[in-house]
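In my numbering, the protein residues as written are 1414 to 1782.
Just so you know, even glycine gets a beta-carbon here, dropped at the ideal spot from N, CA and C.
All of these numbers come straight from a predicted model, not from anything done at the bench.
Just below is one structure, and these are the notes that go with it.
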Ligand SMILES: Cc1ncc(COP(=O)(O)O)c(C=O)c1O
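This is the structure we're talking about:
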């Protein structure tokens, strides 16, 4: 189906950068080096500088970034990792890839992020990591989570897959945890033209291990010093990401302007708008409202040519592969309620202002009849 108004039209950004991206493509193709070369090193250094953090390790996807980060802090068979069930599937896939057990904590309905007060009772000897997810670009309560992690000496692995450039008390997502994982899936605020991911850390030993682990644990060619996998961010994607990183703050600012417009124009008596506290800067990876009669509203918007999306329609404790964890419907009421009410409206940096008027007008028409 084609839509008049896309939820996220990624072709506009590619068009804006086309000449530069084509020049990079030619440069990489002519270099004769396509994996673990100079482009990757350049991107890793630029990404570290952007975060004012010593180390970045480029890997093949956000899921593998989470998986390798968890492995690096010692998560393995029998370990438990505390996270939320209201997130993308990949958060939990990474825990399962380590043969570890996800332990779910419900969300705070006002932020959609992990409810900090519910974490402590679930900490046990088996807890080997806490994995907060900065959902929709809004950073989890990292000061409080940091205190808990310190009290129990448990490492934090941030799932920063949606939070490129977001701030919390002036600090960027990806700089709070012992390790943080980013996704550069094409639709992300910093997106590649294929799959890609990265891990950030300020710990030299973690950095050393992660560089080995992403390349079969080889210290030199055909010489393994530890277990590892093939998870490398390739040269072409690294070159594209280096070009795009220079624009990230500008694009995030454009998204924030669109969020401001939505805030002014949406009928707040019919939908719950995303909150933002004074100590936060959200990158508005997606603009998510809460509504009643959601399925009918989606159909109505579709009839006006407006595409929307739902992140996420089923919390992870109710997904088939997680049935072995023994959770049931009702265990995480806020996650379950959110999964029935959230709706992501069109949002991308290049989105024309007129789209906000059209979307807000259509939502008003729907509720006012
Ligand atoms: C919150 C979250 N975690 C993990 C991932 C996994 O990243 P990827 O798709 O790059 O594997 C994503 C993105 O898709 C995500 O949004």
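Query: Within the same chain, show all residues whose beta-carbon is closer than 7 Å to that of residue 1539, passing over the 5 residues directly before and after it, in chain order.; Result: 1491, 1492 and 1493
Query: What would DSSP say about residue 1438, mapped onto helix, strand or coil?; Result: helix
Query: Quick one: what's got a C-beta closer than 6 Å to residue 1722's C-beta in the same chain, skipping five residues either side?; Result: 1420 and 1757
Query: Check for me: the beta strand (DSSP E) holding residue 1737 runs from which residue to which?; Result: Per DSSP, residue 1737 belongs to no beta strand (DSSP E) and is neither H nor E.
Query: Closer than 7 Å by C-beta to residue 1453: which residues in its own chain qualify, once you throw out the five before and the five after it? Chain order, please.; Result: 1471, 1646, 1648 and 1651
Query: Using a threshold of 8 Å, is the CB atom of residue 1572 nearer than that to any non-hydrogen atom of ligand 1?; Result: yes
Query: Buried or exposed: residue 1541, going by 16 or more other Cβ atoms within 10 Å of its Cβ?; Result: buried
Query: Do you know whose CA, among 1733, 1736, 1679 and 1594, lies nearest residue 1464's CA?; Result: 1594
Query: Express the C-alpha separation of residue 1749 and residue 1415 in angstroms, rounding to a whole number.; Result: For residue 1415, the pLDDT reaches just 48, beneath the cut-off of 50, and the residue's location in the model is therefore unreliable, although a value from the coordinates is still provided. Approximately 30 Å between the Cα atoms of the pair.
Query: Once DSSP output is grouped into helix, strand and coil, what is the label at residue 1581?; Result: strand
Query: Decide yes or no for the touch test of the segment 1694-1708 against the segment 1663-1673: beta carbon pairs closer than 8 Å, at least 3 of them.; Result: yes
Query: So the alpha helix (DSSP H) residue 1615 belongs to, where does it begin and stop?; Result: No alpha helix (DSSP H) contains residue 1615, which DSSP labels as neither H nor E.
Query: Three or more beta-carbon pairs under 8 Å between the segment 1680-1694 and the segment 1549-1556, yes or no?; Result: yes
Query: Cβ atoms of residue 1475 and residue 1610: under 9 Å apart, would you say?; Result: yes
Query: What do you get for residue 1591, buried or exposed, if any count of 16 or more other CB atoms within 10 angstroms of its CB means buried?; Result: buried
Query: To the nearest angstrom, how far is the alpha carbon of residue 1736 from that of residue 1496?; Result: 16 Å
Query: Buried or exposed for residue 1654, going by 16 or more other Cβ atoms inside 10 Å?; Result: buried
Query: How about residue 1423 and residue 1718: do their beta carbons lie closer than 9 Å?; Result: no
Query: Taking three-plus beta-carbon pairs below 8 Å as touching, is the segment 1502-1518 in contact with the segment 1439-1457?; Result: no
Query: Using DSSP's beta-bridge definition, name the partner residues of residue 1433.; Result: Bridge partners of residue 1433: none, in fact.
Query: Quick check: is any heavy atom of ligand 1 less than 8 Å from the C-beta of residue 1476?; Result: yes
Query: Where does residue 1657 land, buried or exposed, given buried means 16+ other C-beta within 10 angstroms?; Result: buried
Query: Using a Cβ-based criterion (distance less than 8 Å to any ligand heavy atom), does residue 1546 qualify as near ligand 1?; Result: yes
Query: Report yes if the C-beta distance between residue 1632 and residue 1705 is below 9 Å; otherwise report no.; Result: no
Query: Go ahead and label residue 1469 buried or exposed: buried means 16 or more other beta carbons lie within 10 angstroms of its beta carbon, across all protein chains shown.; Result: buried
Query: Are there any heavy atoms of ligand 1 lying less than 8 Å away from the beta-carbon of residue 1640, as far as the coordinates show?; Result: no
Query: Pairs of beta-carbons, one from the segment 1569-1588 and one from the segment 1524-1536, closer than 8 Å: are there three or more?; Result: no
Query: For residue 1564 and residue 1533, I'd like the C-alpha separation in whole angstroms.; Result: 10 Å
Query: Measure the CB-CB distance between residue 1588 and residue 1615 and report whether it falls below 9 Å.; Result: yes
Query: Taking 8 Å as the cut-off, does the CB of residue 1647 come closer than this to any heavy atom belonging to ligand 1?; Result: no
Query: Return helix, strand or coil for residue 1427, following the three-state DSSP convention.; Result: helix
Query: If the criterion is Cβ atoms closer than 9 Å, does the pair residue 1709 and residue 1685 meet it?; Result: no
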